[in-house]
Amino acid sequence: MSEITSQSLTELVKNIKEKKISSEEITKSFVVRSEKSKSLNSYITEDFSSALKKAKIFDTKPNFDLKLPGIPIAVKDLFCTNGLKTTAGSKILNNFVPTYESTVTQNIWNEGAILLGKLNCDEFAMGSSNETSFFGNVQNPIDKDLVPGGSSGGSASALAANLTPITIGTDTGGSIRQPASFTGTVGLKPTYGSCSRYGIVAFASSLDQAGPMSKNVKDCALLQEVISTYDIKDSTSIDFKRKNYFKDLTKNIKGKKIGIPKEYRVDGMPNIIEELWTKGIEYAKNCGAEIVDISLPHTSYALPAYYIVAPAEASSNLARYDGVKYGFRSKGENLIDMYEKTRSEGFGDEVQRRIMIGTYVLSSGYYDAYYLKAQKVRKLIKNDFDEAYKKVDAILTPSTPSSAFKIGEKTNDPVSMYLNDIFTVPVNLSGLPAISIPAGVDAKGYPLGLQIIGKAFDEQNILNIAYAMEEKINFKNKITDWWIK
Amino acid sequence: MTIDLKTIKHISKLSRISVDDAKAKKLEGDLNSIFEFIEKLNELKTDNVEPLTSVVEATLKLRSDEVKSKDIRDQILKNSPENNEDFFVVPKVVE
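So the protein sequences, as listed, match chains L and H.
Per our numbering, the very first residue in the first sequence carries number 1; after that it's consecutive.
Per our numbering, the very first residue in the second sequence carries number 486; after that it's consecutive.
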C-alpha cells in the first residue's frame, strides 16, 4: 500500500471499507503531514485534535455504507462551520463563530467525513492568487514563491501537497478551476443551483457556486455526488434529478461532439497554451469524440461585464459587515464614523476596491450605463452558449491563459490580475458547469489545465469526457516536498 | 469618462468606507484603469437585448416560516464585538 496521504479519495475509501486501515490512521497521517507543512500557509484554522477524536469515535462503530466513511477533509474557509471560526480570509470576520453549518459541508459530514480544518482563501473570495487574504500568501507546492491561484488557493495548495485527500472550494469567476489548473489538480464548478449556497459567505450571489476539488476525476465525481442536493434553504437551489455521478462515470464518450471556440484564441496567449489546447483536441479525438469548430462571439466582453456584475452584487452583500452584531469593530465618534472606520480597517484593499466599483455602478445616474448594460451583455454571452449547444455536447478550452505566476508579480496591477479569469468567467455568467483537468506542463514544469464546459445540469457528461481524457493525458504531478525540512 | 477625486470621496461615503487622501489618490488610479477596461462594453449595441438578472428560470418557492434554531441566543451574542448580556451595543445614536 502506498503512503496514506498520497492515496486518492477512492483508494482511501476502498482501504477503509476493506478494513486495511482505520479512520484514525488516515486522519493522523494527514494531521502529521499538515503539521510539517505549516510554511505553505494553506490553513487558516486547524481543527486537528477534534478531528482525531472524531476519527477514533468513527472507528469504534464504523458505518461503511457511507460514501466518505471516516475520511478527513479540510474545506475552504468560506463555508460556515457550526462552532468553528469562519473568516472568509478577512480581518472583519477574524473572530466570527457561526451558529449554523453550510449545507454543502453538512452533506459531507452526513456521509461520514471528518473536518480537518479551514483553508486559506482570498478575502471574500476576491482574488486570483490568494494574495488578498488577511492571513497571508499561500505557497503553491509546485514551486517556492509561486501563487497557488485563487480564490480557493489554500484548498488547491493543501490538496496538491497531500494535506487533505479532497477539498471543496467556491467558484464565482474561476476560483475553483484556476487554482486547480495552477496546482495540477482537478476542479469542478457545477451548474448554478446544483450545490446549495446556504451557509457560504456570499460574494456575488448570482454567480457563486461551491464545487469539488480532487486529485483525479473519479474522486471529483464522488464528491460532487455528495455535495449536490436540492436545498429549501437556498432560494436559487434547483430541484432537478441529480445523477449518480460516481456510479455512472464512464470513459465511453464515443460520438460526443466537442466544440472548439475560436474566440478563446486570444491575443498574446503563450504558444505553450495553444499547443496544450491542440494536444487536448487530439486526446479528445483519440477518445472517440467528434471535434466541431464553433463561435462564441461575445467572449471578449465577458470579463468587463463580470467586473460590473460581481462587484455590484458584492457591494450589496458586504453591506452587512458594519461592526454591529459580529466581526471586527473599530472605535468611532458616532455610529456612522464607527461604520466607516470598521469597514476601512476591516476590509483589505481589493475588497474595498470592489465594493467601491459596485457602489458606483449601482449609484444613481450610472445604473443604466453600467449595471443594466452589463446584464444585457450577460444575456448575449449566455445566448452564445445556447446557440453553440445546438451543435455540440461540450466545449473544450484552456483553463487559464498562463501557468502559475510568482507571488507579488501582479499585485500592483488589478487589470492584469483580472485577466487570469478570461477563460473561466463566461461560464459563471451563463450558469454552466465546467471542469478543469491537468493536461500538461510549461517549460518550467508548472502545470497547465484544460477546461471542459458543459450544458446546464450536464455534469455527468463533462465528468465522463474528463475521465476519458484523463486516462489519455496520464498527467503526473511532480511535488518534491521542498517545504518539508 | 474619468473618475475624479471628488467622485471617489462620494463613492466612499456611499460605501461607508472612510478614505484618506493618499488612499483616495491610489483608488483614483485603480478605478480609472478598471473602468477603462470596462468601457469595452460600449462597443456593443444592446438596445433590444433583455437584461439577464438570473440564470435560474424557476419561480421562487414558498415555505412556511418556522423557527428551526432554538436556544442559540447566547452563541449569537457571543459574536458581538462589545459584550453585553442582552443587547448589541453601538455608539450613542440619540442625543
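Glycine included, each C-beta is placed from N, C-alpha and C at the ideal position.
Nearest-angstrom Cβ-Cβ length linking residue i and residue j, presumed shorter than 8 Å
i                 : j                 : result
Gly449 of chain L : Thr400 of chain L : 7 Å
Lys76 of chain L  : Gly169 of chain L : 5 Å
Asp393 of chain L : Lys257 of chain L : 5 Å
Arg378 of chain L : Ala305 of chain L : 5 Å
Met356 of chain L : Leu516 of chain H : 7 Å
Leu159 of chain L : Lys67 of chain L  : Rounded, the Cβ-Cβ distance is 18 Å, inconsistent with contact.
Leu499 of chain H : Ser128 of chain L : Actually they do not touch by this definition, with Cβ atoms about 27 Å apart.
Leu432 of chain L : Ile407 of chain L : That pair is no contact at about 31 Å.
C-beta contact flag for residue i and residue j at 9 Å
i                 : j                 : result
Asp219 of chain L : Ile166 of chain L : yes
Lys325 of chain L : Phe520 of chain H : no
Lys16 of chain L  : Ile71 of chain L  : One point to set straight first is that residue 16 of chain L is Ile, not Lys, in the sequence displayed. Yes. Within cutoff.
Ala88 of chain L  : Phe30 of chain L  : no
Lys118 of chain L : Tyr43 of chain L  : yes
Pro426 of chain L : Ala302 of chain L : yes
Pro148 of chain L : Asn130 of chain L : yes
Ala55 of chain L  : Ile108 of chain L : no
Ala221 of chain L : Ala312 of chain L : no
Gly150 of chain L : Ser175 of chain L : yes
Asp489 of chain H : Glu524 of chain H : no
Ser34 of chain L  : Thr164 of chain L : yes
Gly358 of chain L : Ala314 of chain L : yes
Lys285 of chain L : Ile291 of chain L : yes
Glu350 of chain L : Met126 of chain L : yes
Ile496 of chain H : Tyr360 of chain L : yes
Val578 of chain H : Asn334 of chain L : yes
Ile493 of chain H : Gln352 of chain L : no
Thr183 of chain L : Ser157 of chain L : yes
Ser206 of chain L : Thr531 of chain H : no
Ser402 of chain L : Ile273 of chain L : yes
Residue i, DSSP secondary structure in three states
i                 : result
Pro212 of chain L : strand
Gln451 of chain L : strand
Leu623 of chain H : With chain H running from 486 to 580 in the structure shown, residue 623 of chain H is simply not present.
Asp293 of chain L : strand
Ile273 of chain L : helix
Thr191 of chain L : coil
Thr411 of chain L : coil
Glu470 of chain L : helix
Ser486 of chain L : The question about residue 486 of chain L has no answer, for chain L in this structure spans 1 to 485.
Val377 of chain L : helix
Leu318 of chain L : helix
Val578 of chain H : coil
Leu9 of chain L   : helix
Val147 of chain L : coil
Thr167 of chain L : strand
Glu46 of chain L  : strand
Val504 of chain H : coil
Ala486 of chain L : An answer regarding residue 486 of chain L cannot be provided, because it is not within the stretch 1 to 485 covered by chain L.
Thr397 of chain L : strand
Lys406 of chain L : strand
Closer than 8 Å: residue i CB and nearest the ligand SAH heavy atom
i                : result
Ala88 of chain L : Among the components of this structure there are no ligands whatsoever, and the ligand SAH is therefore not found.
*Would you be able to state if there are at least three C-beta pairs under 8 Å between the region 428-437 of chain L and the region 185-193 of chain L?*
yes
_Measuring CB atoms only, is the region 79-96 of chain L touching the region 189-204 of chain L, in the sense that at least three cross pairs come out at less than 8 Å?_
yes
_Below 8 Å, how does it come out for the region 332-350 of chain L and the region 86-99 of chain L: are there three or more Cβ pairs, yes or no?_
yes
*Report the residue ranges of all beta strand (DSSP E) runs contained in full by the region 79-121 of chain L; include only those spanning at least 3 residues, in chain order.*
114-119
*Identify every run of the alpha helix (DSSP H) within the region 309-360 of chain L, keeping only runs that are complete inside it and at least 4 residues long; order them along the chain.*
335-346
*Decide if the region 414-425 of chain L is in contact with the region 462-474 of chain L; the criterion is three or more beta carbon pairs, one per stretch, under 8 Å apart.*
no
_Within 8 Å, do at least three Cβ pairs link the region 465-480 of chain L to the region 244-255 of chain L?_
yes
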